[in-house]
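Residue 172, in this note's numbering, is where the sequence shown stops; the numbers in between run on with no holes.
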Amino acid sequence: MASFNKVVLIGNLTRDPEKRQLPSGQAVTRLGLAVNRQYKNRQTGQMVQEVCFIDVDVWGVQAESAHQYLAKGRMALVEGRLKLDSWQDQSGQTRTKHSIVAERVVFLGGNQATTETEAGLEAEDFGGGANEELEAKKSVTRGARKTASTKETVKTDFEFKDTPAFEDELPF
């Protein structure tokens with residue numbers, strides 16, 4: 001049976017990127033990423049904030065770019081695969097920890113005026129071949145904005161009052 005190992009996270013860097021050079025000359029940059037989850041506690045009605053801290057390893061050209069352009073507090077999108085690291089501690093115990101091996105890193109939140117919904121479209125993307133995709137998303141979004149602004153001024157001669165609701169007949 002086939003398996004699937006894909007992780008997509010958006011979070012803030014907890015520290016400045018740490019770059020090291022392998023003997024082969026390849027660059028590896030380690031990022032610390034904090035990913036927040038906010039939910040409402042059903043018993044108390046209070047909003048609860050949960051934070052998950054994850055280490056991310058970035059390789060090659062992306063490692064160089066991440067080290068150069070990212071800094072503590074900066075928001076980033078990381079796409080990659082989950083990896084289990086294991087080692088022996090000083091007392092001889094086997095320890096394990098999950099980390100992410102990045103396949104793509106997108107730098108987000110560079111401009112204070114950028115809204116969260118536009119952050120991905122304004123990102124500096126150093127993923128392999130993804131710049132064409134990013135430009136396509138930008139042009140589609142620009143077109144949608146133009147369409148939305150023209151739709152606001154269009155008046156219709158009819159209303160949908162008599163249209164029956166078929167919500168309970170949806171196949172999903």
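Glycine included, every Cβ here is placed at the ideal spot set by N, Cα and C.
Bridge partners - residue i, DSSP secondary structure assignment
i             : result
glycine 32    : Asp55
lysine 83     : Ser99
lysine 19     : Thr29
glutamine 49  : Gln38
leucine 61    : As written in the sequence, residue 61 is valine, which differs from the leucine given in the question. Partner(s): none; valine 61 has no beta bridge.
asparagine 12 : Ala34 and Met75
threonine 94  : Gln88
Among the options, nearest to residue i - alpha-carbon criterion
i            : options                : result
glutamine 62 : Thr29, Thr94 and Gln38 : Thr29
serine 99    : Ala2, Met1 and Lys6    : Lys6
glutamine 38 : Gln21, Ala27 and Gly11 : Gly11
alanine 27   : Glu18, Gly60 and Thr44 : Gly60
Cβ separation of residue i and residue j, assumed to be a contact under 8 Å, to the nearest whole Å
i          : j            : result
valine 56  : leucine 33   : 5 Å
leucine 13 : glycine 73   : 6 Å
alanine 71 : aspartate 16 : 6 Å
leucine 82 : valine 58    : Their Cβ separation, rounded to whole angstroms, is 15 Å, which puts leucine 82 and valine 58 out of contact at 8 Å.
Closer than 8 Å is the cut-off here; do at least three beta carbon pairs connect the segment 81-94 with the segment 44-52? no
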